[in-house]
Structure formats: C-alpha cells, structure tokens
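What the sequence shown shows, in my numbering, is residues 101 to 545, in sequence order. Quick reminder that beta carbons are idealized off the backbone N, C-alpha and C, glycines included. Just below is one structure, and these are the notes that go with it.
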Amino acid sequence: EEEEEEEECRTQHAGRAWEFVALSGASTSAGVAAAAAEGVDALALDGWVAHRFEVAEAQHRACRENGGRYWETEMNTMQYLRALQFEGEFSGMHYDGCGAHDGSCPSNIVDDLKARLELLPELIRCGLCAPQSCEVDDVRNVVFRRYLAMMLHLDFDLPPPSADEFQAKELLPWADLQVDFVIAGCGNCGTTSLRKNLLRHRDVAFTSTVEDQWFWRHDRGLPYRSEVDSFNTAWVEKAQRLVGPQPTIRGLADPGLFGDARIRQVLARIPSLKVVVVVCDPVSRFEKFYWRHHLCRSGRPESAAERPCWPTLAGGLQAEPEMVARDASGQHLRSLLALLGPRLWLMHQDSLRFSAKRTYNGLAAFLGVQPFPTNTEFRRHNSQRGHRTELCRNASVHAVLQQSFAEEYRDLEAVLHAAAVDVPVALRLRRTRCDRAEELGGGAG
C-alpha cells in the first residue's frame, strides 16, 4: 500500500513538477532571530515580519488552491554532501544543458555537482508544495529531491536525503486554530487577576490554569498541522471530561504576547480572535518586574535564578540602564492596535481597580458572553503591597524612572486615545504606586 501511495505521488508530481516548484521556496522563519541574522533593525522589524508572513501565506494559499499540500522542509546540506553517492552511468542524462559524454560537460560530474551543493546554505529550510496524495516519506523520497535538482538546473533527480538529514512538516493557516480570545498583555499590570476573575464566568475556559506559552514554540510564519490538531483536540477532550454546562468561549493567557512582532502577526491572522490587553503605570510595572526578577532577596522565583540581581533598585539601574528601554510597551501596543482594530480590547488597570463590575461586564460583552452574576466577587491576585524596593522612599530614584519613562507615558496616552478608551486621571498626572497609601500598607493579594 505504501508503494502504491508513493507511486501515486510520483505520478502526480511528474506531470506538474514545475507548477509545484513555482509554488515553493518561501522562507518559513519569521521571528526576531531570523530578522537579526539578516541585519534587520528594530524600526524595520514589523514590516519585515509582515512580509515574511505574506509571502509564505500566498504560497500556501496558492498551493492549496491548486490541489496541493504545503510543507516546511529542512535539510542539513553538509550531512547530505558527506553521504552523497551516485551509482551507474550518466549517459542519456543532461547536465545543465550539456551532454554527459560529448566533451562539453565537466570531466567529473559528481565533483562539480558537489561543488554546487557546497554553495548552498548549511541548512536549507523552505516551504514546499506537493501533490495532495504525498505523505511525509513521499515528500523526502520524491518531491524534495526533484525540487532540489530543478533548483540546481539538473535534468535528473538527485538521491533522496536520508531521514537523519531531512524532515518535513505539513503547514496550515493560522485560521485553523480554534481559540476565541487571548489575554496578550501587559505583564505586571493585573493579568493574573484578569485571568482568574474571567474563569469565574461559567461560559469562559482557558487552555491552562496558568500562563500558556503555546505561541512561543517556534518562529514560523505558519503553524504545523500536528500542533494545530493537538491544540484543537485538547479542547474537545477537555470538554468531554467536564460535567454540567460547557463553556462557550475558549481563551489563552500569556501577557508577553503583545511584545513580539511575529506573534502580533499571528494574532491578526486568526480571523475571529479577540485580544485583551491591560496597561498600567510604567514605573510601577517596571518596579514590580525588577522586584520579581532582579532584586536580591529570599523568595526570588526559580525562573529568575539565572538573571543578575542587585540589593537595590538604584544599583540595578546604574549597572544596566537599558533595562528601562526593554520594558517599554508603547510601540508594541500601537502596532497591535493597527493590526487588530476593533478586535482589541484595551483597558487601564485603574478600571479593574476602581470599577471592576462595570469593566468585567463590558469585557464579557466584548467576548460575546452574558454579564457576570450580580454576586460575583472580583478578587485581586498576585499583587505584592508594601515597599517592594526603595522606589517610594528614594525621591531621586523615583524621579529618574519617571523621566526615563516619559515617552512611554505619552505613548500610553496616545494609544488609549486611539482606542477610544478614557485616559485615567492617574495616568495624566503620572501617579505611581507611591501615590496610593493602600499599596504601601504591606501584604500580598
């Protein structure tokens, strides 16, 4: 049966080989690391990532419209070269337009072919369109070897790479991912409270009881079929285990999503997805991040063990002043709003703090579910009151941070205004947690 399937793949591909080649070759990597390798600077990153997505999506769409399946293929060129062997004669074959034995071709075709292969990158990774009937072994044994030969202007097939040298994974569009909403940011602005309070609604479910970093699995512009199938199946299996009323919407929470150019493109490409982001005072947000990850103290989380720590906030700012720039969110939020428009629900943390019921019911309406029951208690989670660092006792440190985040304050006002969200008084007056006595009283919530 496998031989029959491979023969069907071979026959279908042979008749349309150039057509499939024309629908192949797009780069499947679209992350920050790939951009850095090509020398893309921060200002051009969003455009570069968007272009990578568009090219891969166009090939994928055209491949499917022409009855094909679209794969990511990856081959280790050096391993393939070391194992490359030819058997038999080259007679009757044409090599780059010349006859193998008429004196016009290289005396040693194999050596010349290897020289060509050595010009290829060490790792070949690209999209490949194959006939619908082709499975993963057929892609390796039939389609890729022919694609590589045609790219090298050969009129004969190259030997197939071994399974150790090659892998192929089918790609799908992001629209196939079954998720209704995500909490995409901003970390240290109340996202834990947001997630746990949303879980109090009977119609809402999440992929995980904690933050879910599913979107960080790789840097591809399209998802693998295997991971999409696994993600969607998990929902079905979870629903089957539940007793009683079933949730009607499914969400994922990861407050770091908004800050990644690739993931912003992913979110924009899931057509019905709604995205929730909460923003807050940048100085308070930064201090909480610093306290959690960089302040030398007992109880520091294991995830921060490999990060440098300092006994004071001032010491860390002096040693690594670039930490402030890394924590800026304004540009990322503007980009996210431009991509999503009305599919983005943007709110300030003050709305959760001072008008929780109205805010959560407004969010419920945005997500398409009924209001929360009238007796719902919206609790505060993962907060640490009291003096976490010397921020509120050292006026110079406080002033330095506010000045460092001056542009961030302006960006937050601008993006809230663009999203038609009221700018809270605390933001307009640049108030921090140091201006709220209840924050400094001590205790965790």
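- Inter-segment contact for the region 402 to 409 and the region 318 to 338 is absent: fewer than three beta-carbon pairs are separated by less than 8 Å.
- Listed in chain order, the non-local C-beta contacts of Leu373 below 8 Å within the same chain comprise Val279, Asp280, Phe281, Val282, Leu367 and Arg443, local neighbours out to five positions each way being set aside.
- In this structure, Leu512 is the residue among Ala518, Leu512, Val521 and Tyr180 with its C-alpha nearest to the C-alpha of Arg530.
- Looking at the backbone, the Cα of Cys409 and that of Arg369 are separated by about 39 Å.
- Contact annotation, Tyr180 with Glu265: C-beta distance approximately 5 Å; criterion of less than 8 Å satisfied.
- Take the alpha-carbon of Thr291 and the one of Phe454: they are about 16 Å apart.
- The alpha-carbon separation between Val377 and Val239 amounts to approximately 42 Å.
- The bridge partners DSSP lists for Glu270 are Trp171.
- Here the region 158 to 174 does not lie against the region 254 to 261, with fewer than 3 beta-carbon pairs under 8 Å apart.
- Contact check for Leu413 against Ala519 fails: the beta carbons are separated by 9 Å or more.
- Here Ser372 carries a coil assignment [DSSP, helix/strand/coil].
- With respect to the 9 Å criterion, Ala284 and Arg350 are not classified as neighbours on the basis of their beta carbons.
- Comparing C-alpha distances from Glu311 to each of Gly541, Asn482 and Arg458 shows the shortest one belongs to Asn482.
- With a cutoff of 9 Å on beta-carbon distance, Glu508 and Ala428 are scored as near each other.
- Boundaries of the beta strand (DSSP E) harbouring Leu223: Leu223 to Pro231, taken from the DSSP string.
- The Cβ neighbour count for Gly139, taken over all protein chains shown within 10 Å, is under 16; the residue is labelled exposed.
- Residue Leu184 holds the alpha-carbon nearest to the alpha-carbon of Arg245 among Cys289, Pro273 and Leu184.
- Beyond the five residues adjoining it in sequence on each side, Thr307 comes within less than 6 Å, by CB distance, of Leu352 in the same chain, given in chain order.
- For Val155, the enclosing alpha helix (DSSP H) starts and ends at Leu145 to Glu165.
- Closest by C-alpha distance to Cys234, out of Gly167, Arg533 and Leu299, is Gly167.
- The beta carbon of Pro411 sits closer than 8 Å to those of Leu395 and Cys396, all from its chain and outside the five residues before and after it, given in chain order.
- In the DSSP annotation of this structure, the continuous segment of the alpha helix (DSSP H) that includes Arg341 starts and ends at Arg325 to Arg341.
- One Cα belongs to Trp118, the other to Asp211, and the distance between them is close to 26 Å.
- Relative to the Cα of Leu123, the nearest Cα in the group Tyr170, Leu446 and Arg110 belongs to Tyr170.
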